[in-house]
Amino acid sequence: MTTIIAFIFVFGLIVFFHELGHFLFAKRAGIMVKDFSIGFGPKIFAYRKKETQYTIRLLPIGGYVRMAGEDGEEIELKPGYRVGLELTPEETVSKIIVNGKDQYVNAQPIEVSLCDLEKELFIEGYEDYDDTKKVRYQVERDALVIDGKIETMITPYDRSFNAKSLGNRAMTIFAGPLFNFILAILIFTALAFVQGGVPSTDNTLGNVLPDGAAAEAGLKKGDEVLSINGKETKSWTDIVQSVSENPGKTLDFKIERDGKTQDIDVTPVTQKENGKDVGKIGVETPMDSSFTAKITNGFTQTWNWIVQIFTILGNMFTGGFSLDMLNGPVGIYTSTQQVVQYGFMTVLNWTAVLSINLGIVNLLPLPALDGGRLMFFLYELVRGKPIDPKKEGIIHFAGFALLMVLMILVTWNDIQRAFF
Numbered sequence: 001m002t003t004i005i006a007f008i009f010v011f012g013l014i015v016f017f018h019e020l021g022h023f024l025f026a027k028r029a030g031i032m033v034k035d036f037s038i039g040f041g042p043k044i045f046a047y048r049k050k051e052t053q054y055t056i057r058l059l060p061i062g063g064y065v066r067m068a069g070e071d072g073e074e075i076e077l078k079p080g081y082r083v084g085l086e087l088t089p090e091e092t093v094s095k096i097i098v099n100g101k102d103q104y105v106n107a108q109p110i111e112v113s114l115c116d117l118e119k120e121l122f123i124e125g126y127e128d129y130d131d132t133k134k135v136r137y138q139v140e141r142d143a144l145v146i147d148g149k150i151e152t153m154i155t156p157y158d159r160s161f162n163a164k165s166l167g168n169r170a171m172t173i174f175a176g177p178l179f180n181f182i183l184a185i186l187i188f189t190a191l192a193f194v195q196g197g198v199p200s201t202d203n204t205l206g207n208v209l210p211d212g213a214a215a216e217a218g219l220k221k222g223d224e225v226l227s228i229n230g231k232e233t234k235s236w237t238d239i240v241q242s243v244s245e246n247p248g249k250t251l252d253f254k255i256e257r258d259g260k261t262q263d264i265d266v267t268p269v270t271q272k273e274n275g276k277d278v279g280k281i282g283v284e285t286p287m288d289s290s291f292t293a294k295i296t297n298g299f300t301q302t303w304n305w306i307v308q309i310f311t312i313l314g315n316m317f318t319g320g321f322s323l324d325m326l327n328g329p330v331g332i333y334t335s336t337q338q339v340v341q342y343g344f345m346t347v348l349n350w351t352a353v354l355s356i357n358l359g360i361v362n363l364l365p366l367p368a369l370d371g372g373r374l375m376f377f378l379y380e381l382v383r384g385k386p387i388d389p390k391k392e393g394i395i396h397f398a399g400f401a402l403l404m405v406l407m408i409l410v411t412w413n414d415i416q417r418a419f420f
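Just so you know, we're using UniProt numbering here: the sequence shown kicks off at 1 and counts up by one.
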């Protein structure tokens, strides 16, 4: 149960931030957002506020923000349609009832002759279905089209995705991965504050364990190690290396404490590590507890992981690809099961790493991903006009189909690794 809760928390938080990026930048650009959904499948929770419906769905393995004009949908009322109109006191249309007119007793019946619900926002036709009573009404920008129990808000063209500038469209798409990186920065920064600092590279000692060789020899937390056996130490890495390479051998530590230097002999205890003898003296990594270090930790950790993930991706393509290199939801669930054993802080760290992964994967120039859409925007920038929407739709559909096939293969591979 703990693993399930952790899995939902991790995926839910990552997906929420990704979709929040799309949502906020769409709103900033004036794009109508029709749906903000976390998860796929049947609805668990739904709430409508103004033009947007917010939903939480059963499967927490994805989400989407549906923006007006993205999917090519349009409300079309052809000549001859008989509809009901609800009018405001100013005689403008607030509701167009296509089906279920009997539930709106005050609706004005009209037979449509001409209608534009995108640019000029008007509807004209014959009142009471009488061709001698031709009328024309302006339609409110937030008017609803009611088809039985389904209510759809009209989309003025200037509120649609495709009506916006190339820069606004590109930033709206890029904002999803961007917010994944922001989430990672926030988590790494928060962890630095909770843990009291970040690991330091200085040549000073961290906590000295009471039963370790360092404590027995008289070393203390905060001692600056100037040299070991006459070899200058400039960093914590130098100290660890000298100790590890000399198990059971007495080492001469030249330290500085309270402005004075002194020599202390320390004999590292021999321990097995990966089948090899290494030296240990019982000293923890020093921590930098400064405010600046805690704040910058979020950025440096995120950047280090970005570099590491891109390095792995590069090795995948240059060193031969295998499905074992990829993890789907089942593989991530199995990994989360292991991470949970180390506590909530480790789960948060895992969340940050996965968020960076999602951000990078979404930026790959593949159809159906954010990176694929950004490539089409680059094409539009170079060519001076966008690609035919139908052609782009076909390419994205083909890319989505291939991604689904890959996801099925990866998931099956995860199941085999986990249970067989």
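Every residue, glycine too, gets a C-beta built ideally from N, C-alpha and C.
In chain order, what residues of the same chain lie with their CB nearer than 7 Å to the CB of residue i, ignoring the 5 residues before and after it?
i, result
"residue 358", "14, 18 and 180"
"residue 98", "83, 145, 146 and 147"
"residue 371", "362, 363, 364 and 365"
"residue 172", "22, 25, 26, 29 and 31"
"residue 20", "179"
"residue 381", "166"
Under 6 Å Cβ to Cβ from residue i, same chain only, skipping five residues before and after it: list those, please.
i, result
"residue 47", "54"
"residue 30", "none"
"residue 199", "285"
"residue 67", "26, 31, 33 and 161"
"residue 165", "none"
"residue 421", "This structure does not reach residue 421, given that the chain is present from 1 up to 420, and the question cannot be answered."
"residue 168", "29"
Please name the residue or residues paired with residue i in a DSSP beta bridge.
i, result
"residue 153", "144"
"residue 103", "Bridge partners of residue 103: none, in fact."
"residue 134", "126"
"residue 36", "54 and 65"
"residue 82", "111"
"residue 97", "84 and 146"
"residue 232", "227"
"residue 48", "53"
"residue 270", "279"
"residue 139", "93"
"residue 240", "For residue 240, which the question treats as bridged, DSSP gives no partner whatsoever."
"residue 208", "283"
With DSSP as the reference, label residue i as helix, strand or coil.
i, result
"residue 225", "strand"
"residue 284", "coil"
"residue 42", "strand"
"residue 182", "helix"
"residue 379", "helix"
"residue 393", "helix"
"residue 75", "coil"
"residue 249", "coil"
"residue 277", "strand"
"residue 255", "strand"
"residue 311", "helix"
"residue 177", "helix"
"residue 300", "helix"
"residue 201", "coil"
"residue 414", "Low confidence applies to residue 414: its pLDDT is 49, below 50, so where it sits in the model is not reliable, and the reading given next is rough at best. In this structure, residue 414 counts as helix in the three-state DSSP scheme."
"residue 372", "helix"
Give the single residue among the options whose Cα lies nearest to the Cα of residue i.
i, options, result
"residue 177", "234, 312, 352 and 271", "352"
"residue 184", "205, 258 and 354", "354"
"residue 217", "159, 230, 232 and 265", "265"
"residue 468", "122, 108 and 360", "Residue 468 falls outside the range modelled here, since the chain spans only 1 to 420, and no answer is possible."
"residue 57", "49, 10, 51 and 44", "44"
"residue 88", "140, 116, 61 and 251", "140"
"residue 298", "387, 142, 221 and 356", "356"
"residue 10", "392, 345, 393 and 373", "345"
"residue 258", "163, 220 and 52", "220"
"residue 51", "310, 188 and 152", "152"
"residue 35", "12, 69, 195 and 275", "69"
"residue 373", "61, 170 and 150", "170"
"residue 209", "283, 268, 101 and 378", "283"
"residue 424", "271, 192 and 314", "What the structure shows of the chain is the stretch from 1 to 420, and residue 424 is not part of that stretch, so it cannot be assessed."
"residue 291", "125, 189 and 347", "189"
Going by DSSP, what residue range makes up the alpha helix (DSSP H) through residue i?
i, result
"residue 109", "Premise fails: residue 109 lies in the beta strand (DSSP E), 108–116, not in any alpha helix (DSSP H)."
"residue 19", "2–29"
"residue 216", "213–217"
"residue 162", "Note, residue 162: premise wrong, no alpha helix (DSSP H); not H, not E."
"residue 356", "344–363"
Assuming residue i is part of the beta strand (DSSP E), what are its boundary residues?
i, result
"residue 262", "260–266"
"residue 60", "52–67"
Enumerate in chain order the residues of its own chain whose CB-to-CB distance from residue i is below 8 Å, with the five nearest sequence positions on each side excluded.
i, result
"residue 16", "38 and 63"
"residue 106", "86"
"residue 233", "203, 225, 226, 227, 239 and 242"
"residue 261", "226, 254 and 255"
Chain D beta carbons: is any one of them nearer than 8 Å to that of residue i?
i, result
"residue 285", "Among the chains of the structure shown, chain D does not appear; only one protein chain is present."
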